[in-house]
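Below is one structure, written out as structure tokens; comments come after it.
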Amino acid sequence: MSQELILSRDAYLLTVEVRLFWLVALVYAFSALVLLFHILTRRVGIGRAAQGMMWAGMILHLGWIALRIFEGGRAPFQTLYESLSWFACTAVLTYLVVSRKWRDIYLPATFVAALSSGACFYALLSRSPAVPPLSPPLQSYWFEWHVVLAFFSYAVFVVSSSIEVTYLIVKPFLNRGADEVFGLTRSNIREFRGTAFNLVLFGFPLLTFAIFSGAAWANEAWGRYWSWDPKETWSLITWSVFTMYLHAMSIPKWRGNVASALNILGFVCMMMTFLGVNWLAKLLGIPSLHLYAV
Amino acid sequence: MAGSNRFLSLLYRKLSSLRTSVYVLGVLCIFYVIGTIFPQGGDINEYEKAGGRFLEAVRLFNLLDVFNTPWFLVPAFVLFLNVSVCTYDRFLRIRARRGAAPAAYSPDCTVHLALTRAEAEEEVSRILTRKMRFKVLRTGTDWTVMEKGLSYRWLTWLYHAGIAISFVGFFISGLFVREGIITLRPGEEVEIVSTMPENRGWLVPSDHSPPGFKLVLDEFITEYTESPRLDYPKDKRSRVAIALGWKDLSYRLDEDSFFPKDWFSRLRVVRDGSTLYEKKIEVNDPLRFEGYTFYQLAYEQRLKLRVGERLVEAEAGKKVDIPSIGTLRFGPLRTGTLFRLDGTTDKITPFVTVKRLSGGKTEELGRLVLNGHIRVGKSKLSLVDFEESSVLSYRYDPGVPILWVAGSIVFAVMTLRCFGRWYELAYRVEERDGTTSLLISIRSKGLGADPARVIRRLSHHLPGVRS
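These protein sequence lines map, in sequence, to chains A and B.
Counting from 28, one number per residue, gives the positions in the first sequence under our numbering.
Counting from 10, one number per residue, gives the positions in the second sequence under our numbering.
Have a look at this one:
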């Protein structure tokens, strides 16, 4: 095939891919809006419809990922454009899998759908969709494992914090005597919150492996397993905060609001690791070894 | 004496407490955040020149090297003590637990059976041990206690021990590490002496002798792929226009659409003139020899130029002032192999792009090919030769093997602890008013555990279960 043909084929595929990504972002955004409507009306059917939309968006999103893999011939998480998409997809997928345990509880979905659509729009409006070749430092067997597991842990922490926020919103109403708030009752709220803990328990080894594999990879590529690079340091902060959360859950007095606050703080630190640190490094002019991911 | 014993006992209690872990981790997090706000390893004068804030505090607390200050190292050491003491304390407690008398159990469920008490006891024990593979922990008292799965207590203990060992690895790194940078020119034998200030561990003397071998660069190879440029609009409205189908995307290949695919150094380790080891290294595939590891870090390219009759040397990628021409900026020298989009490969005729900088303006002068020339004003600029050097970083770090082992233990055992399953099942058979009842208490740990399923299975296998 001639170079011109290759270029026009790649441009066509990229155009289709970008439009598909817009569609995914709009479906997530629309489901977030419908979920807001569910909050206002408290009608279960609306929540159910919104969750159906999230399923549809996620299936389209998986199609987008398959297309991107075909275009790049590699896993789609090299650039920030790709990682934002991967982050949104894994968050929605994790939420949809976890939510199968419950019936008619849709409040956490609002948070997940809004965050995912925000990530997609940020990628579409602020980043370039170009598919660059893999730079030499990224050509390592650690690349896929490190990123896939890190992002799965992020997805799990997003869903965990969405449950924790829901718990904090609903608990005062139930304490004041309400029988049922957004599908949660006094009999099921403990188990519901237990899911947030189980999710952190699930994500914590993944984050541990992401940090360990990152250090092993850095040792292979740069000759230093730890450089106190801002991204590394923030991942250590995230790990420390979730360690604090897991320990707090073993201390009876801290199992309540202290643990909830730590879980939400862990989510904030995770977002700092993923996005905030790039902004911080740019703002303060701190060189980062992870700037290729910007 | 009693006072010091009381103090030691208090210290032990505090250091083996979970709350201490949470507090110390919190304090360390504050230092981590500080370390990402102030540029670590930076020079205070440069920081001041760049308009850095809080100068007094930065100077006083050495915030540009916060991870080497006592403010950070003391809480880090306390965390190490905390993890080590907790590990020791939990070891004693787990051992003390084994064989201890059973505590009181409150039943989670009761199953009524159409069996005699003796029959029920025999059946339950048989099903749990043979069909469901529980191990008997304690028997002979009111309650029979059984266990299934890897003990979560030992798993938790083991990964905490792994974390404590990791600290030992960090500590050994801090004491004995040696790292620096060497530049190799083709064919030259080079001693392992850093061209920049060497980063040394606390116990490494500043005048330590280099290792008794030398390195030789036999060949330096670069490979490129063609990377087309995407015409993608910067403004958000145009991006929306693409989404709406009003505009399509397009790619173009520029004159210098070269993307570095890989670079390699063919290295030889020599001692007293004889070759001991050879390897072609690249990023992510270093050379290891006698405890040292050599990493492909970067490369330098020196250009030999002719301006009129004069020879001038310049470094690719940098600015150079040439009398009669002005200030020129050379791009990276492209040489080696080019992998084209259509799958073919080409040998690149070495070239460099040239720009002239004058009065804040940049003028593109074009491609300067090896043995070719371009005209700059009235002068003729030719590229007559070039030289590529390989820049390697080296590291000697005896802490790394310990960290590999400890890190692998932490990850593997933590995974088993979190994803695995462990059950402790206690049961008692009662007979009252002619009815036999099985009282079950079950505890579980790990995401794979499902106590309700265990009870369902037990009820399913038991004969004579009454609804």
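Virtual Cβ for every residue (Gly too), placed ideally from N, Cα, C.
A quick note: this is a predicted structure, and the numbers were derived from the prediction, not measured.
Item	Value
For chain A, find out if any of its Cβ atoms is closer than 8 Å to the Cβ of residue 95 of chain B; answer yes or no.	no
Where do the N-terminal and C-terminal ends of the beta strand (DSSP E) with residue 362 of chain B fall, by residue?	354-367
What residues of chain A sit near residue 404 of chain B, judged by a beta carbon separation below 9 Å?	246, 250, 251
Whole angstroms are fine: how far does the CA of residue 92 of chain B sit from the CA of residue 414 of chain B?	18 Å
Any beta-carbon of chain B closer than 8 Å to the one on residue 279 of chain A?	no
What three-state label does DSSP hand residue 74 of chain B in the structure shown?	helix
Judging by CA-CA distance, which residue of B/385, B/461, B/132, B/311 is the nearest neighbour of residue 477 of chain B?	Residue 477 of chain B lies beyond the residue range present for chain B, which begins at 10 and ends at 476; the question has no answer from this structure.
Based on Cα-Cα distance, which residue from B/441, B/298, B/463, B/442 lies nearest to residue 433 of chain B?	B/463
Give the DSSP bridge partners of residue 294 of chain B, in chain order.	B/291
Are the Cβ atoms of residue 152 of chain B and residue 103 of chain B separated by less than 8 Å?	no
From the DSSP output, in three-state form, read off residue 321 of chain A for me.	For residue 321 of chain A, the predicted model reports a pLDDT of 41, less than 50, meaning its position is unreliable; a value from the coordinates is still stated below. If DSSP states are grouped into helix, strand and coil, residue 321 of chain A belongs with coil.
Three-state secondary structure (DSSP) at residue 135 of chain A?	helix
So that I know if they touch, is there some Cβ in chain B lying closer than 8 Å to that of residue 319 of chain A?	Residue placement at residue 319 of chain A is flagged as unreliable, the pLDDT there being 45, under the threshold of 50; the coordinate-derived value follows with that caveat. So, not an interface residue.
Can you look up residue 382 of chain B in the DSSP assignment and give me helix, strand or coil?	strand
Is there a Cβ from chain A that is less than 8 Å from the Cβ of residue 45 of chain B?	yes
Measuring only the C-alpha atoms, how far is residue 320 of chain B from residue 234 of chain A?	56 Å
State yes or no: is the C-beta of residue 350 of chain B within less than 8 Å of the C-beta of residue 235 of chain B?	yes
For residue 222 of chain A, which of helix, strand or coil comes out of DSSP?	helix
Under a CB-based cut-off of 8 Å, is residue 412 of chain B close to chain A?	yes
Do the CB positions of residue 419 of chain B and residue 133 of chain B come within less than 8 Å of each other?	no
Is residue 252 of chain B close to chain A? Criterion is C-beta to C-beta, closer than 8 Å.	yes
Please list, in chain order, the chain B residues whose beta carbon lies closer than 7 Å to that of residue 190 of chain A.	Within chain B, no residue comes near residue 190 of chain A; the closest Cβ sits about 15 Å away, beyond 7 Å.
Could you tell me which of B/55, B/357, B/342, B/33 sits nearest to residue 348 of chain B, measuring between CA atoms?	B/357
Do the CB positions of residue 68 of chain A and residue 134 of chain A come within less than 8 Å of each other?	no
Can you find a CB in chain A that lies within less than 8 Å of the CB of residue 285 of chain B?	no
On a CA-only basis, which of B/405, B/14, B/368, B/451 is nearest residue 156 of chain B? Give me that one, please.	B/451
Would you please verify whether the beta carbon of residue 163 of chain A is less than 8 Å from any beta carbon of chain B?	yes
Quick one: measure Cβ to Cβ for residue 265 of chain A and residue 293 of chain A, integer angstroms, because I've assumed they're closer than 8 Å.	6 Å
Using a Cβ-Cβ cut-off of 8 Å, state whether residue 131 of chain A counts as contacting chain B.	no
Closer than 8 Å by beta-carbon distance: list the chain B residues that pair up with residue 134 of chain A, in chain order.	What residue 134 of chain A touches in chain B: nothing, since even the nearest Cβ is about 24 Å away.
I'd like to know if residue 236 of chain A contacts chain B, where contact means its C-beta is closer than 8 Å to some C-beta of that chain.	yes
Tell me which residues share the same chain as residue 458 of chain B and place their Cβ nearer than 7 Å to its Cβ, disregarding the 5 neighbours each side in the sequence.	430, 431, 432
Note down the Cα distance separating residue 2 of chain B from residue 118 of chain B, rounded to an integer number of angstroms.	The structure shown does not extend to residue 2 of chain B, since chain B is modelled only from 10 to 476, so the question has no answer here.
May I ask you to verify whether the region 217-230 of chain A touches the region 152-168 of chain A, counting CB pairs closer than 8 Å and requiring at least 3?	no
List the whole-angstrom C-beta distance separating residue 299 of chain B from residue 192 of chain B, where the pair is believed to meet the contact cut-off of C-beta under 8 Å.	Actually they are not in contact, since the Cβ atoms of residue 299 of chain B and residue 192 of chain B sit about 21 Å apart, beyond 8 Å.
Taking any Cβ of chain B, which residues in the region 30-46 of chain A have a Cβ under 7 Å from it, in chain order?	30, 33, 34, 37, 38, 41, 42, 45, 46
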